[in-house]
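Asker:
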Amino acid sequence: MLQLKYFYLSEPEMFYVDRTVAIQHSNDLSNVIICFDYVYSKSKAEKMNTKMKAAAMKAVERITDDMTSVEKALAVHDYIILNCSYDHEEKDYTAYDCLVKKSSVCQGYSLAFMYIMRDILGIDCTVVFTDTQNHAWNAIKIGKHWYHVDLTSDDPTFTTAEGKAYDGGGDVGVCPRRF
1204 MLQLKYFYLS EPEMFYVDRT VAIQHSNDLS NVIICFDYVY SKSKAEKMNT
1254 KMKAAAMKAV ERITDDMTSV EKALAVHDYI ILNCSYDHEE KDYTAYDCLV
1304 KKSSVCQGYS LAFMYIMRDI LGIDCTVVFT DTQNHAWNAI KIGKHWYHVD
1354 LTSDDPTFTT AEGKAYDGGG DVGVCPRRF
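Each residue of the sequence shown is one higher than the one before, counting from 1204 in this note's numbering.
1. In terms of residue numbering, what span does the beta strand (DSSP E) encompassing HIS1338 cover?
2. Please return the same chain residues whose Cβ sits closer than 8 Å to the Cβ of LYS1305, not counting the five positions on each side in sequence.
3. Using the three-state DSSP reduction, which class does MET1217 fall into: helix, strand or coil?
4. What distance in whole Å lies between the Cβ atoms of VAL1303 and LYS1254, which are believed to be in contact at a cut-off of 8 Å?
5. Classify ARG1380 as buried or exposed, calling it buried when 16 or more other Cβ atoms lie within 10 Å of its own Cβ.
6. Enumerated in chain order, which unbroken segments of the alpha helix (DSSP H) with a length of 4 residues or greater are wholly contained in the region 1231 to 1316?
7. What residue does the alpha helix (DSSP H) around THR1329 start on, and which one ends it?
8. Starting from the C-beta of GLN1227, find all residues in its chain whose C-beta is less than 6 Å away, skip the five residues before and the five after it, and write them out in chain order.
9. What residues match up with MET1355 in a beta bridge as DSSP calls it?
10. Based on Cα-Cα distance, which residue from ASP1268, ASN1234, CYS1301 lies nearest to LEU1314?
11. Classify ASN1337 as buried or exposed, calling it buried when 16 or more other Cβ atoms lie within 10 Å of its own Cβ.
12. Where does ASN1230 land, buried or exposed, given buried means 16+ other C-beta within 10 angstroms?
13. Indicate whether ALA1276 and GLN1310 have their beta-carbon atoms separated by less than 8 Å.
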């Protein structure tokens, strides 16, 4: 078995594919077969993808043709932050979790943002991931430049003095960084 560590970071709509695969190959490696396992049945995955697309379309309801790419990105950024809470139990990792279940860790925030920006609005966007910091965020191309967008860091979530997780619902921070 081989773990495809970054598979989820490229295709948000493939949340139903398990992270492990079986690989079969001929001795000379001229034929390689990769067999995926699925978390959900085909019909359930299709229904879930339909729900995720509907949730993503809500995020773009207020976007108009005359908005700039920056304005569109900021609108999606704010929508996700205001409609998703950070999952402090670290069980929710997908764009589906972020957009439909409204709870996710950084990977889900990043996948949801990429899904909407790239797949719905047609703006170049990708997920950036670091093992050393165990964190994911986005890079988005506006004009000729790429910018970092970190929805998780911009979502004011913290732990109270009593040790309870708090999502600063209604608060949005933004810190665009260009590279």
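Each residue gets a CB set at the ideal place from its N, CA and C atoms; glycine is no exception.
Answerer: To lay it out plainly:
1. Here residue 1338 refers to the residue found at position 135 of the sequence shown. First-last of the beta strand (DSSP E) with HIS1338: 1338 to 1345.
2. Within the sequence shown, the letter at position 102 stands for residue 1305. Cβ neighbours of LYS1305 beyond the five flanking positions: ASN1286, CYS1287, SER1288.
3. Your numbering for residue 1217 matches position 14 in the sequence shown. Note: MET1217 maps to helix in three-state DSSP.
4. Within the sequence shown, residue 1254 is the residue found at index 51, counting from 1. Within the sequence shown, residue 1303 is the residue found at index 100, counting from 1. Confirmed, Cβ separation roughly 5 Å.
5. Walking along the sequence shown from the start, residue 1380 turns up at place 177. Its pLDDT being 45, under 50, ARG1380 is placed unreliably in this model, and the value from its coordinates should be taken loosely. By the 10 Å Cβ count, ARG1380 comes out exposed.
6. With a minimum length of 4 residues, the continuous alpha helix (DSSP H) runs that stay inside the region 1231 to 1316 are 1245 to 1262, 1272 to 1286.
7. Your numbering for residue 1329 matches position 126 in the sequence shown. Per DSSP, THR1329 belongs to no alpha helix (DSSP H); it is in the beta strand (DSSP E), 1328 to 1333.
8. In the sequence shown, residue 1227 corresponds to position 24, counting from 1. Within the same chain, GLN1227 has close Cβ partners ILE1236.
9. In the sequence shown, the residue the question calls residue 1355 occupies position 152. One point to set straight first is that residue 1355 is Thr, not Met, in the sequence displayed. THR1355 pairs with nothing; no bridge assigned.
10. For the purposes of this step, residue 1314 is identified with residue 111 of the sequence shown, where counting begins at 1. Comparing Cα-Cα distances from LEU1314 to each of ASP1268, ASN1234, CYS1301, the minimum goes to CYS1301.
11. The residue you call residue 1337 lines up with position 134 of the sequence shown. When all chains shown are included, ASN1337 counts as exposed.
12. By one-based count along the sequence shown, residue 1230 stands at place 27. It counts as exposed.
13. Here residue 1276 corresponds to residue number 73 of the sequence shown, with the count starting at 1. Here residue 1310 corresponds to residue number 107 of the sequence shown, with the count starting at 1. No, these two residues do not count as a Cβ contact at 8 Å.
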